[in-house]
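Asker:
Protein chains: 2
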Amino acid sequence: MLRNFIEQYTKVPDDEWLFINAAFERKLFAKNEIILEEGSICRYFYFLQTGLIRCYTFYNGTDITKYFTAAPYCFTSIESFRKQEPAEESIQTLEESVIWFANTKELEQLKILNSWNEFTTKLLQEVQQFTRNSLLEIKTKTADQRYKELLINKPEVLQRIPLKYLSGYLGVAPQSLSRIRKNLTKK
Amino acid sequence: MLRNFIEQYTKVPDDEWLFINAAFERKLFAKNEIILEEGSICRYFYFLQTGLIRCYTFYNGTDITKYFTAAPYCFTSIESFRKQEPAEESIQTLEESVIWFANTKELEQLKILNSWNEFTTKLLQEVQQFTRNSLLEIKTKTADQRYKELLINKPEVLQRIPLKYLSGYLGVAPQSLSRIRKNLTKK
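Chains as they are written, first to last, in my numbering: chain A, 428 to 614; chain B, 428 to 614.
(1) Identify every run of the alpha helix (DSSP H) within the segment 432–519 of chain B, keeping only runs that are complete inside it and at least 4 residues long; order them along the chain.
(2) Taking Cβ positions, are Gly598/A and Ile565/B nearer each other than 8 Å?
(3) Taking a contact to mean a Cβ-Cβ separation below 8 Å, would you say Lys493/A touches Tyr483/A in this structure?
(4) Answer with yes or no whether the minimum CB distance from Thr567/A to chain B is below 8 Å.
(5) Out of curiosity, what's the CA-to-CA distance linking Thr520/B and Thr496/B?
(6) Note down the Cα distance separating Asn459/A from Leu611/B, rounded to an integer number of angstroms.
(7) Straight-line CA distance for Phe502/B to Gly595/A?
(8) When you compare the CB of Ile518/A with every CB in chain B, is at least one pair closer than 8 Å?
(9) Would the segment 505–525 of chain A and the segment 539–546 of chain A be scored as touching if the rule is three or more Cβ pairs under 8 Å?
(10) Counting only beta-carbon separations shorter than 8 Å, does Ile468/A have a partner in chain B?
(11) State yes or no: is the C-beta of Ser504/B within less than 8 Å of the C-beta of Glu516/B?
(12) I'd like the list of long-range same chain contacts for Thr489/B, defined as Cβ closer than 8 Å, with 5 residues on each side in sequence excluded.
(13) Take Ser584/B and list the residues in its own chain whose beta-carbon comes closer than 6 Å to its own, dropping the five residues that flank it on each side.
(14) Would you call Ser605/A buried or exposed, if buried means 16 or more other Cβ atoms sit within 10 Å of its Cβ?
(15) What do you reckon, are the CB atoms on Phe451/B and Leu429/B nearer than 8 Å?
(16) From the DSSP output, in three-state form, read off Ile526/A for me.
(17) Let me know if Phe485/A comes out buried or exposed under the rule of 16 or more other beta-carbons within 10 Å of its beta-carbon.
(18) For Ile539/B, decide whether its Cβ has a neighbour in chain A, counting only Cβ atoms nearer than 8 Å.
(19) By DSSP, does Lys613/B sit in helix, in strand, or in coil?
(20) Quick one: is Arg481/B near chain A, going by C-beta distance under 8 Å?
Okay, here's the thing in structure tokens:
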């Protein structure tokens, strides 16, 4: 659960864990349930205990996946959450998911905890590094290569993602993804 | 100069400015001078007062531009600077440039200043938002569209960037960029 996840980044003393634990609520989300809708304000920071979510937007009528997050990991709509402005993206579950969430007010109170501050700083840096790497990868590698690397590095997560979302994530037409997959099967 | 730049983000009291100013050195870099070489550790945070720089890496022998920065703006090799590990990218000037720089030790001392902390937090958020937007744009728009948008939004900067670097930045072959430019000229 959340404590084990945070402890991958920093030690959490028992007394600090009591505060963190109290700040979060837990909820079971159904498959394909909308967690955040584009245009509404994201008021929560989420921990995905089990399941899979995707963050997406529409561009010229095409559904584009910004990222997938598989449990256990944290997520939120960063800009919207930070500025408390309408989100330019939606978030939905792709599987039944157990999700923890804490609102801005509760999180504000956690800022007195060293463990929480160290965790959120390191997590944010990790997410930012991931975004920078994704940008470099999309500039340097073809969709074929990126699909193959997902297949090698995240085979278990890849199987759980519907193909229609994967093509938008890779930045190729669904037909191109079918071709890439066929070519790989032939080999 | 730097004070005006910081004041776009937050007010800088005179006494805090004295500290910030004292932390930085200034140097005139020649055109095409290497500021940071891939594999070395980035020990500085830079403010580009005049000029233009690019950050790049090699992938399978191809020179890929990660980003261009036109003055006035700040830059550093974020991962390398943060972890004091060898950089996975190089930084060079594309024009004669006046650059301010402060090392990790000097910057550590600026952390007692409210104005400096507010400035660096906001700047980092701005850079991160820019990276996320770039990733979304490269997924949703063709190189043609992205080139046209640069032409409309940053015509003055675009003219200063050699074509050989622009194609790697857009993620297209140099021949494709020539074709894009020819098609635009025809219209």
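We treat Cβ as the ideally placed atom computed from N, Cα and C, and that holds for glycine.
Answerer: On the basis of the data shown:
(1) 441–450 and 505–510
(2) The residue you call residue 598/A lines up with position 171 of the first sequence. The residue you call residue 565/B lines up with position 138 of the second sequence. The answer is yes: Cβ separation under 8 Å.
(3) For the purposes of this step, residue 493/A is taken as the residue at position 66 of the first sequence. For the purposes of this step, residue 483/A is taken as the residue at position 56 of the first sequence. Yes, Cβ-Cβ distance for Lys493/A and Tyr483/A is below 8 Å.
(4) Taking the first sequence and counting its residues from 1, the one referred to as residue 567/A is at position 140. Closer than 8 Å: yes.
(5) By one-based count along the second sequence, residue 520/B stands at place 93. By one-based count along the second sequence, residue 496/B stands at place 69. Taking the straight line joining both Cα atoms gives about 10 Å.
(6) Against the first sequence, residue 459/A aligns to sequence position 32. Against the second sequence, residue 611/B aligns to sequence position 184. Going from the Cα of Asn459/A to the Cα of Leu611/B covers about 43 Å.
(7) As a working note, residue 502/B is residue 75 in the second sequence. As a working note, residue 595/A is residue 168 in the first sequence. Each residue's Cα considered, the two are about 31 Å apart.
(8) Numbered from its first residue, the first sequence carries residue 518/A at position 91. Chain B, which has no Cβ nearer than 8 Å to the Cβ of Ile518/A, makes this no.
(9) no
(10) Within the first sequence, numbered from 1, the residue matching residue 468/A stands at position 41. Chain B, which has no Cβ nearer than 8 Å to the Cβ of Ile468/A, makes this no.
(11) Stepping through the second sequence from its first residue, residue 504/B is reached at position 77. Stepping through the second sequence from its first residue, residue 516/B is reached at position 89. A contact, by the Cβ cut-off of 8 Å.
(12) Indexing the second sequence from 1 puts residue 489/B at position 62. So the list reads Gly595, once near-sequence residues are dropped.
(13) On the second sequence, residue 584/B is found 157 positions in, with the first residue counted as 1. Checking the sequence, you will find Val at residue 584/B rather than Ser. Around Val584/B: Ala497.
(14) Sequence index remark: in the first sequence, residue 605/A carries index 178 (1-based). Looking at its Cβ environment, which holds fewer than 16 other Cβ atoms inside 10 Å, Ser605/A is exposed.
(15) As a position in the second sequence, residue 451/B is number 24, starting the count at 1. As a position in the second sequence, residue 429/B is number 2, starting the count at 1. A contact, by the Cβ cut-off of 8 Å.
(16) To locate residue 526/A, count along the first sequence from 1; it is residue 99. Residue state, collapsed to three classes: strand.
(17) As a working mapping, residue 485/A is identified with position 58 in the first sequence. Classification for Phe485/A: exposed.
(18) Taking the first residue of the second sequence as 1, we reach residue 539/B at position 112. It does not; no Cβ of chain A falls within 8 Å.
(19) Looking up residue 613/B in the second sequence gives position 186. Lys613/B falls in the helix class under three-state DSSP.
(20) Counting from 1 along the second sequence, the entry for residue 481/B is found at position 54. Output row for Arg481/B: interface = no.
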